[in-house]
Amino acid sequence: ERLADPAADPRQVERDKIRGAIRTDFILSAEIIVITLGIVADEALATQVGVLSAIALIMTVGVYGLVAAIVKLDDAGLYLAERESAPLQLLGRGLLAFAPWLMRALGVVGTAAMFMVGGGILLHSAHALEHAVVEVAARFGPVGELLGPLLAGALLGVVAGFLVLAVVAAGRRLIGRKSH
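With my numbering, letter number 81 in the sequence shown gets 114, and the count goes up by one each step, no holes.
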């Protein structure tokens, strides 16, 4: 991105990328913890603690390690593009071209995943609604049984997201008015 937009402050671009990645990962991590707690809710406290600790370790090392590597992908590309070797320069330029595309794609996929997982949690919590969705989806065969709950969860996640956004925006306006 630095080579693509020389006017951009590379440090700010990096901070913005990291901030966005951390926010997305935090939300997905919270959703995974909620799902995990739902799975081990009937287990002994020691089992719950052990499972959550293992999940936290895997998420921290795996997910954040992967995110750190992805965030640094453009730095690796720049490093390689500045080498004397033509194949390394080509690889570096390829990484520099690929990194922004990958970040945008991951942003879209991460956002969709947040809506699907969060909406799925909400759908699963609303037993009557979940039952109705499963019943309607079953009318469309195996594909409907698979996609129906996923799409309903995603839709519910989008609706919940808009509601949260509306509440946050209203709260900000209210706080802004009180400070004047």
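We treat Cβ as the ideally placed atom computed from N, Cα and C, and that holds for glycine.
Asked                                                                                                     : Found
Counted within 10 angstroms of its Cβ, other Cβ atoms place glycine 151 as buried (16 or more) or exposed : buried
Alanine 170 vs proline 182 beta-carbon contact at 8 Å                                                     : yes
CB contact below 8 Å: arginine 172 versus chain D                                                         : This model lacks chain D altogether; it includes just one protein chain.
Segment limits, alpha helix (DSSP H) that includes arginine 116                                           : Here arginine 116 belongs to no alpha helix (DSSP H), and DSSP marks it neither H nor E.
Cβ-Cβ separation, glycine 153 to glycine 194 (assumed contact under 8 Å), whole Å                         : Their Cβ separation, rounded to whole angstroms, is 13 Å, which puts glycine 194 and glycine 153 out of contact at 8 Å.
Cα-Cα separation, leucine 129 to threonine 144                                                            : 23 Å
For arginine 35, three-class secondary structure by DSSP                                                  : Residue confidence is low: arginine 35 scores 48 on pLDDT, short of 50, so the model does not pin down where it sits. Its coordinate-derived value is still stated next. Of the three classes helix, strand and coil, the one that applies to arginine 35 here is coil, per DSSP.
Among Ala138, Leu70, Leu124 and Arg137, nearest to leucine 85 - alpha-carbon criterion                    : Leu70
CB contact flag (leucine 106, alanine 132, <8 Å)                                                          : yes
Buried or exposed (CB count within 10 angstroms, at least 16 for buried), phenylalanine 173               : exposed
Residue interval of the alpha helix (DSSP H) (run including glutamate 168)                                : 160 to 171
Residues near alanine 14 in its chain [Cβ-Cβ closer than 7 Å; skip 5 each side]                           : In the structure as shown, the chain begins at 34 and stops at 213. Residue 14 is therefore absent and cannot be evaluated.
Reference leucine 162, options Leu188, Ala199 and Phe148, closest by Cα                                   : Leu188
Exposure label - glycine 98; buried when at least 16 CB within 10 Å                                       : exposed
Given valine 192 as reference, the closest of Phe148, Ala40, Glu76 and Leu207 once Cα atoms are compared  : Phe148
Where glutamate 214 falls: helix, strand or coil (DSSP)                                                   : Only positions 34 to 213 of the chain appear in this structure, which leaves residue 214 out of reach.
Within 8 Å, strictly: CB atoms of isoleucine 65 and isoleucine 88                                         : yes
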